[in-house]
Every structure is written in C-alpha cells, then in structure tokens.
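Below is one structure; the comments refer to it alone.
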Amino acid sequence: MIIYDLNCENNHRFEGWFQNAGAFESQLEDKLVCCPQCDSHNVHRVPSAVAIAGHHVEEQVGTTAVVSSKTPTSTALMPVGTQAMALYRQLIQTIVSHSEDVGHSFADEARKIHYNEAPQRPIRGQASEDECEELRDEGIQVLSLPVRCHNYDQ
C-alpha cells in the first residue's frame, strides 16, 4: 500500500491510497482519481513529509484506490479509536458517493467492466469471499470493506 498527498486544480489537498505507484499512475490516467470535495479529475501529487524524509512506504496489497479528504475535521482531540471510526465513516461515505451500487451482482458486473463488456466506472456491492478470490485470480482488483448496515447514502 502506498499513500500519496494529492491536490486538485481548485487547490483542495487530500490523500490517496493505492496498491503501488503503477496503480496510482494507471488510475490517474483512467480518470479514476478525483477530488472528494469538488469531484475534479485534474489531480496531481504534491510532496509529502514521508516522501521528503526519504522513507518508502509500500507493501503488496490487492486493492483499488480509496481516497479520503484531508479537510480539517474536529478529530484532532478525539481518542484514537473514536478518530479512527470517524475517518472510517468518512472513507465509506466517500466510496458510496463516488461509486455505483450494483448489489449482489458485484462479481458479474466487475467481470463485465474488466472484460470491456460494460462501461468503466467505480462500483460497489456484495460478494462472497469465494467470489472475491475468483475475481482476484482473474486479475480483477477488489477491496473488501466491512460495513455495518448503516445507510451511508445520507
């Protein structure tokens, strides 16, 4: 996993999490990376403290990009667990607002997109662990997130 600091054309700064540098470049080229504040796809990397210090943070994980806003929130004084849950809820809300819910057809729809039988777009839905493993075996990147039964669309 690699984390980049990003900026959009409207100078909104946010963070993007990617499988590796190649995944970032590919998703940027395919216009899959967008600003969580204004939906701009004109996004570029900006120097981060980790990159400036010369550290290299990357591990191999089969996942797609997940973008979370770095806009000021009042989580700075929250206990770590509460802050983590607030950030996780924000992550889920970002995913929900930037993807199409295909429900239990997730595996089939992911295959159609992968094999260019359906339009390229971010999707979300339900799939069994076996279905996710089969998708990964076919070279289709999926990210499994535990989501409680809350209505994040609101």
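Residues 6 to 159 (our numbering) are what the sequence shown spells out, left to right.
For glycine and all other residues, C-beta sits at the position ideal for the given N, C-alpha and C.
Since the structure is predicted, the reported quantities are computational estimates derived from the model, not experimental observations.
Nearest neighbour of residue i, chosen from the options [CA to CA]
i      : options                           : result
Asp106 : Asp142, Arg94, Leu37 and Arg126   : Arg126
Gln131 : Tyr120, Glu122, Glu143 and Leu148 : Leu148
Leu140 : Leu150, His119 and Met90          : His119
Ser53  : Tyr9, Ala26 and Arg129            : Tyr9
Ala115 : Gln95, Ala28 and Cys137           : Cys137
Pro41  : Ser133, Pro124 and Leu96          : Leu96
Arg129 : Ser110, Glu122 and Ile145         : Ser110
Ser104 : Asp44, Phe23 and Asn25            : Asp44
Phe19  : Ala112, Asp113 and Leu92          : Leu92
Under the three-state DSSP convention, the category residue i falls into
i      : result
Tyr93  : helix
Glu138 : helix
Val179 : This structure does not reach residue 179, given that the chain is present from 6 up to 159, and the question cannot be answered.
Gly27  : helix
Ile7   : strand
Arg116 : helix
Gly174 : An answer regarding residue 174 cannot be provided, because it is not within the stretch 6 to 159 covered by the chain.
Gly144 : coil
Continuous beta strand (DSSP E) stretch holding residue i: start and end
i     : result
Arg50 : Val48 to Val51
Exposure of residue i, with buried meaning 16 or more beta-carbon neighbours within 10 Å
i      : result
Leu150 : exposed
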